[in-house]
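One structure is given below, encoded as structure tokens.
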Amino acid sequence: MALRPTIEIEAALSSISSDITALLSQRPVPLGNAAPPATTGVYVLSVGTEIMYVGEAKGRKGLKDRLTAKHISGDDSHAIQRAFKIEYPDRLIRRDHIKKTVFAQWLEITPDHRVSAVERVLIWMFNPPWNVK
Numbered sequence: 110m111a112l113r114p115t116i117e118i119e120a121a122l123s124s125i126s127s128d129i130t131a132l133l134s135q136r137p138v139p140l141g142n143a144a145p146p147a148t149t150g151v152y153v154l155s156v157g158t159e160i161m162y163v164g165e166a167k168g169r170k171g172l173k174d175r176l177t178a179k180h181i182s183g184d185d186s187h188a189i190q191r192a193f194k195i196e197y198p199d200r201l202i203r204r205d206h207i208k209k210t211v212f213a214q215w216l217e218i219t220p221d222h223r224v225s226a227v228e229r230v231l232i233w234m235f236n237p238p239w240n241v242k
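When we follow our numbering, the leftmost residue of the sequence shown carries the number 110, and every step to the right adds one.
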């Protein structure tokens, strides 16, 4: 009986590792050109070569809503908005800057608990500055 949990843990870790590899293998796309699906998944936002934010998208609007609406047009308290607010106080100019300079990679993942596991491991691995509250 002791063997079964070990096999399940190894399978879960293998799935998470495969998901992370697949996500980071995706070609980064400027947020302004991103066309993610309306499905659940995990995403990474970067500026240059640095991963700045890791997030998960759940619910019926999924990745599409998170990447094309929340991060680009979010309120001033959102992590990305805060990151550029001093340099670009005007919201429209800031939004244009974000669309051009912040890049996204995403991966569709189900079920929800697997989405959360992949997100947590990525945050642990990269400690992205925009994930710090």
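Note that beta-carbon positions come from the ideal geometry of N, C-alpha and C, so glycine has one too.
>> Taking its Cβ as the centre, do 16 or more other Cβ atoms sit within 10 Å of W233, making it buried, or is it exposed?
In response: Residue environment for W233: exposed (fewer than 16 other C-beta atoms within 10 angstroms of its C-beta).
> Where do the N-terminal and C-terminal ends of the beta strand (DSSP E) with V151 fall, by residue?
Replying inline: V151: member of the beta strand (DSSP E) spanning 150–156, first to last residue.
> Got a sec, what are the start and stop residues for the alpha helix (DSSP H) A192 sits in?
Replying inline: Its alpha helix (DSSP H) spans residues 188–194.
>> Relative to the C-alpha of G183, which candidate in K242, R200, W215, E217 has its C-alpha closest?
In response: Nearest option by C-alpha distance: R200.
>> Does the segment 202–213 come into contact with the segment 124–143, if we say contact requires no fewer than three beta-carbon pairs (one atom in each stretch) closer than 8 Å?
In response: Segments in contact, yes.
> Once you ignore the five residues that flank T128 on each side, which residues in its own chain have a CB closer than 8 Å to its CB?
Replying inline: Thr is not the amino acid found at residue 128; the sequence shown has Asp there. Same-chain partners within the cutoff: V151, L216, I218, R223, V227.
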